[in-house]
Structures are given as C-alpha cells and as structure tokens.
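Colleague:
There are 2 protein chains.
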Amino acid sequence: MKRLPLYLRLIRGLVHDGETYISSAVLAKELNLDPIVVRKDLAVTGVTGLPRLGFPAKAAELSILNFLGWNNTTDAILCGAGSLGRALLGYDGFKQHGLSIVAAFDVNPGVIGTMERGVHVLSMSEMEKIVPRMRVRLGIVTVPASAAQEVADRMVSSGIKGIWNFTPVKLSVPDDIVIQRVDLAASLAVLSHNLSLLDRH
Amino acid sequence: MKRLPLYLRLIRGLVHDGETYISSAVLAKELNLDPIVVRKDLAVTGVTGLPRLGFPAKAAELSILNFLGWNNTTDAILCGAGSLGRALLGYDGFKQHGLSIVAAFDVNPGVIGTMERGVHVLSMSEMEKIVPRMRVRLGIVTVPASAAQEVADRMVSSGIKGIWNFTPVKLSVPDDIVIQRVDLAASLAVLSHNLSLLDRH
Ligand SMILES: NC(=O)c1ccc[n+]([C@@H]2O[C@H](COP(=O)([O-])OP(=O)(O)OC[C@H]3O[C@@H](n4cnc5c(N)ncnc54)[C@H](O)[C@@H]3O)[C@@H](O)[C@H]2O)c1
Ligand SMILES: NC(=O)c1ccc[n+]([C@@H]2O[C@H](COP(=O)([O-])OP(=O)(O)OC[C@H]3O[C@@H](n4cnc5c(N)ncnc54)[C@H](O)[C@@H]3O)[C@@H](O)[C@H]2O)c1
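Top line first, the protein sequences correspond to chains A and B.
Numbering-wise, the numbering used here puts 190 at position 190 of the first sequence, and it's gapless, one number per residue.
Numbering-wise, the numbering used here puts 26 at position 26 of the second sequence, and it's gapless, one number per residue.
Written as structure tokens, this is what we have:
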C-alpha cells in the first residue's frame with residue numbers, strides 16, 4: 001500500500017485548490033499509473049466513486065487516512081507513570097469522549113513491567129517501537145520538568161502529533177505538532193485570586 | 001474581638017459609598033460605643049490613623065480581615081485523598097503561587113490517619129471542626145461524583161468560600177461561593193479534536 005500516501009498528498013492538493021471530486025484517471029496520469037489500479041486501490045479503502053463524477057475528494061482523503069490508521073485521534077500514550085500519571089491512567093472520564101490511554105512508559109525500574117488500572121507500564125526505550133506499531137498520535141507528558149523536552153522530542157520522532165503537557169516547561173516542537181498545556185497550579189491560583197476579589201467588594 | 005466584624009461591615013458600607021477615610025468618632029456613634037475603644041481596637045489590628053483625616057478606609061478593612069484571619073486565600077483543604085487527590089497533595093507547583101494544601105479528608109479507613117507528602121489525611125467527620133479553626137477558605141473536591149454535592153455542602157457550612165471542583169458534577173452552592181471546575185477529560189478531547197482538524201487541512 002505504498003501508493004496510498006501518494007494519492008493522499010495529491011488529493012490534499014486538489015482539495016486545497018477547491019476540487020470537490022477527483023477522478024482516478026487524473027491521479028493515474030499524475031503518478032504515471034494504470035487507472036484501473038488506482039480505482040482498485042481507492043475501492044479497497046472503502047470510498048465509492050459516482051458515475052461520470054468520480055470520487056468525492058474529502059471522503060477519499062478521510063477513507064485513505066482511516067485505512068492507513070493515520071487518523072487515530074482517540075488513542076494516547078503516557079510518559080511518566082508517577083503519581084499524576086498513574087492517577088490519569090485510572091480515570092474513566094476519558095472514555096466518555098471516546099479516548100483511551102493504551103500504553104505508559106517510564107524509566108523507573110520499580111514501575112516498568114507493572115499494570116496500572118489495566119494499562120501496561122513499559123520501558124521508555126520501547127516507545128519508539130510501540131508508537132508507530134499502534135499508530136498512536138497523542139502523547140501525554142507527566143515526567144519531571146527536567147525530562148520534559150527530551151521526552152517530547154522522542155515522542156515527535158516516533159510519530160506523535162499532539163502533546164498534552166502537564167509540566168511547567170514550554171516545549172519546543174515543529175509547527176505541525178499540536179500542544180495543549182495543563183497548568184493546574186495556575187487554575188488554583190485563579191480561584192484564590194477570585195476569592196480575594198470577593199473580599200474587596 | 002466581637003466588635004471587629006461590626007466595624008468591618010460599617011467600613012465596607014462606607015467604602016462602597018466612596019469614602020476614602022473613616023473616623024473612629026463616626027464608627028463609635030453608629031455603634032453606640034466610646035470613640036477611644038474604637039481607636040484602640042483599630043490600632044490593635046495594625047492600621048494607623050492620620051491626624052485630622054482618620055483611618056484610610058481600605059487599609060482599615062484589610063487589616064481587620066487580616067487580624068481576624070478572614071482573608072486567607074492561600075491555604076486549602078482537600079476532600080477525597082484517592083489517586084488524583086494524593087497526586088495533588090504531592091505537587092510542589094502550588095507553592096510557587098504561594099498556595100498550600102494544609103489538610104486532607106476522606107471516609108476510607110485505609111487512608112485516614114496516614115500522611116501523604118507531609119499532609120495529614122483526617123476523617124471527613126473532623127472537617128467541620130478543623131476548617132474554621134485553621135481559617136481555611138479554599139476547598140478541593142476530588143471525591144467520586146456520587147459524593148460531590150454532599151461534600152460541597154459540608155465545605156460551605158464549615159466556612160469554605162472557594163471550591164476547586166475536579167468532579168463531573170455541576171455543584172449547586174450559594175451565590176457568594178466561587179467555583180472553579182477542572183475538566184481534564186474535556187481538555188484531552190480538545191487536543192484530540194485539534195489533531196483531527198489538522199488532518200482536514
Ligand atoms: N502531581 C500533580 O498534581 C501535578 C500537578 C500538575 C503538574 N504536575 C507535573 O506533572 C509532572 C509529574 O508530576 P508527578 O507529581 O507525577 O511526579 P512524579 O515524580 O511522581 O512522577 C514522575 C515520573 O516520571 C518518570 N520519569 C522521569 N524521567 C523520565 C523520562 N526521561 N522518561 C520517562 N519517564 C520519566 C519518573 O520515573 C516518575 O515515575 C511534573 O512535571 C509536575 O510538574 C504534577
Ligand atoms: N484520576 C483522574 O485523573 C481524574 C481526572 C479528572 C477528574 N477526576 C475526578 O476526580 C474524582 C476523584 O477521582 P480518583 O480517580 O482520585 O478517584 P478515587 O476513587 O481514587 O478517589 C476518591 C477518594 O474519595 C474518597 N471519598 C469517597 N466518598 C467520600 C466522601 N463522602 N467524603 C470524603 N471522601 C470521600 C474515597 O475514599 C477515595 O479515597 C472523581 O470525581 C473523578 O471523576 C479524576
């Protein structure tokens with residue numbers, strides 16, 4: 001299926017140009033392939049073409065993504081199975097949004113090899129192998145501040161595209177990576193400040 | 001010091017009306033007291049009057065609050081020393097904002113009487129006694145959803161004025177109580193959604 005990522009890039013370009021339908025003949029010509037092969041490949045991903053119109057561009061893009069497993073936005077891995085990390089592993093609330101933490105990684109031999117609320121805690125050295133194999137694209141960082149940037153770098157190089165950062169460190173990552181910072185201390189400080197405002201009125 | 005709360009209410013009224021200075025004679029007249037007693041009481045709280053002008057109203061209000069310990073916006077108690085609660089007890093980040101968790105409460109005999117990262121975990125039955133004595137006004141709720149409202153009610157009746165709510169329950173409290181909700185599942189869902197948006201562009 002080495003051809004699918006090529007179709008994906010072409011289709012994204014066409015979608016960007018405002019095309020709503022794509023024809024297998026156009027894709028075949030661009031990539032110097034047989035149109036029948038292109039039509040068969042697209043059919044395997046599940047998208048159906050319409051007579052005389054071709055394949056709906058957006059639907060074709062998403063079914064290729066789906067087929068490749070590249071649109072997995074619901075599984076996450078967690079690095080740093082310490083006190084906060086382990087609390088997050090045990091939280092059922094993520095399931096309500098269809099999200100789940102599928103594996104955790106740590107450097108502490110005392111927690112490596114354990115199961116925490118049904119999730120395996122593995123050695124950090126396994127991460128680069130496991131993440132691409134499980135096609136995980138979300139990473140949760142709950143390591144000490146001193147290890148945060150290094151862990152983020154390793155996540156990105158293994159294919160992570162979105163990082164949920166609990167550490168106080170401002171992570172520097174490439175432009176196409178989405179970062180969401182959680183600052184619990186600032187949240188409590190806001191409450192404390194609102195309380196002192198109450199005193200003044 | 002039963003008189004101080006009476007001065008406080010009067011001074012707040014005067015501040016509201018735009019007064020910048022208050023005189024002990026005015027306070028004494030309103031409350032039918034000896035002006036010398038009023039001047040002595042105010043001096044004890046640490047505020048100093050200015051000749052011919054009187055006491056700066058705002059400063060007088062805050063030093064009475066201070067003296068009574070009613071402006072404590074930096075100490076917090078926590079109810080529900082489970083996996084998330086215990087992770088929060090161990091977090092140094094709160095100290096940077098001058099905040100600290102001074103006591104924790106739970107109903108599970110297995111954790112009552114233990115120390116978690118330097119904080120005593122006490123029985124929930126002690127809360128109504130401890131909170132007023134330590135003049136704590138911030139409460140952290142990390143109990144299961146089923147116990148959240150009951151715990152919030154007990155916090156409010158023991159003097160808590162600001163609640164940091166980690167549970168999925170929308171707490172109903174009187175108007176003068178400040179509530180701050182932390183929804184970690186929603187935060188991860190936002191990241192996941194941003195990631196899927198990335199796919200579409
Ligand atoms: N505990 C909280 O409530 C809380 C709140 C907000 C933010 N944070 C932040 O979350 C992070 C974790 O806090 P904690 O209290 O759980 O700390 P912790 O020390 O209990 O846990 C940290 C874990 O990370 C592991 N680790 C260290 N270096 C690593 C590396 N290079 N790769 C993988 N794992 C590594 C450790 O072995 C440990 O298990 C900190 O950055 C902290 O600032 C914690
Ligand atoms: N674990 C997480 O990462 C996480 C994330 C977001 C929100 N939450 C929310 O935080 C809350 C706690 O989650 P958890 O994972 O720590 O659960 P937990 O079951 O590990 O801990 C709950 C604790 O509350 C205590 N408790 C129960 N009833 C009580 C009562 N009436 N008074 C005082 N204590 C009482 C229990 O004994 C237990 O120690 C839940 O409401 C959950 O939805 C948890």
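All C-beta atoms, glycine included, are put in the ideal place defined by N, C-alpha and C.
It should be emphasised that the depicted structure is a prediction, and the values quoted were computed from it without experimental measurement.
For residue 115/A, verify whether its CB is less than 8 angstroms away from any heavy atom of ligand 1.
Modeller: With a threshold of 8 angstroms, the Cβ atom of residue 115/A does not count as near ligand 1, since no heavy atom of the ligand is closer than that.
Colleague: Got a sec, what are the start and stop residues for the alpha helix (DSSP H) residue 59/A sits in?
Modeller: 57 to 68
Colleague: May I have a chain-ordered list of the beta strand (DSSP E) segments no shorter than 3 residues that lie completely inside the region 69 to 144 of chain A?
Modeller: 75 to 79, 100 to 106, 119 to 123 and 138 to 141
Colleague: With a threshold of 8 angstroms (Cβ to nearest heavy atom), would residue 85/B be considered close to ligand 2?
Modeller: Because some heavy atom of ligand 2 lies under 8 angstroms away, the Cβ of residue 85/B counts as near it: yes.
Colleague: On the three-pair Cβ rule with 8 angstroms, is the region 119 to 129 of chain B touching the region 92 to 107 of chain B?
Modeller: Yes: the two stretches touch, three or more of their Cβ pairs being nearer than 8 angstroms.
Colleague: Is residue 17/B close to chain A, meaning its C-beta is less than 9 angstroms from at least one C-beta of that chain?
Modeller: Not closer than 9 angstroms to any Cβ of chain A, the Cβ of residue 17/B fails to qualify, so no.
Colleague: How about residue 161/A and residue 195/B: do their beta carbons lie closer than 9 angstroms?
Modeller: yes
Colleague: Taking a Cβ distance cut-off of 7 angstroms, strictly less, list which residues of the region 92 to 123 of chain B are near chain A, in chain order.
Modeller: 93, 94, 96, 97 and 99
Colleague: With respect to 8 angstroms, is the separation between the Cβ of residue 66/B and the closest non-hydrogen atom of ligand 2 below this value?
Modeller: no
Colleague: On the premise that residue 199/B lies in contact with residue 65/A, defined as a C-beta separation below 8 angstroms, what is that separation, rounded to the nearest angstrom?
Modeller: 6 angstroms
Colleague: Just to check, is the beta-carbon of residue 99/B closer than 8 angstroms to a non-hydrogen atom of ligand 1?
Modeller: no
Colleague: Would the C-beta of residue 153/A count as close to ligand 1, meaning under 8 angstroms from any of its heavy atoms?
Modeller: Residue 153/A has its Cβ no nearer than 8 angstroms to any heavy atom of ligand 1.
Colleague: What did DSSP end up calling residue 177/B once you bin it into helix, strand or coil?
Modeller: coil
Colleague: Using a Cβ-Cβ cutoff of 7 angstroms, what residues of the region 16 to 48 of chain A are near chain B? List them in chain order.
Modeller: Answer in chain order: no residues at all.
Colleague: Span of the alpha helix (DSSP H) holding residue 11/B?
Modeller: 3 to 16
Colleague: Taking Cβ to Cβ, would you say residue 136/A is nearer than 9 angstroms to residue 151/A?
Modeller: no
Colleague: Does any residue of chain B bring its CB to less than 9 angstroms from the CB of residue 199/A?
Modeller: yes
Colleague: Should the region 174 to 186 of chain A be called in touch with the region 88 to 99 of chain B, which here means at least 3 C-beta pairs below 8 angstroms?
Modeller: In short, these stretches touch, since the Cβ pair count reaches three.
Colleague: May I ask you to report which of helix, strand or coil DSSP gives residue 36/B?
Modeller: Here residue 36/B carries a helix assignment [DSSP, helix/strand/coil].
Colleague: Assuming residue 160/A is part of the beta strand (DSSP E), what are its boundary residues?
Modeller: Note, residue 160/A: premise wrong, no beta strand (DSSP E); not H, not E.
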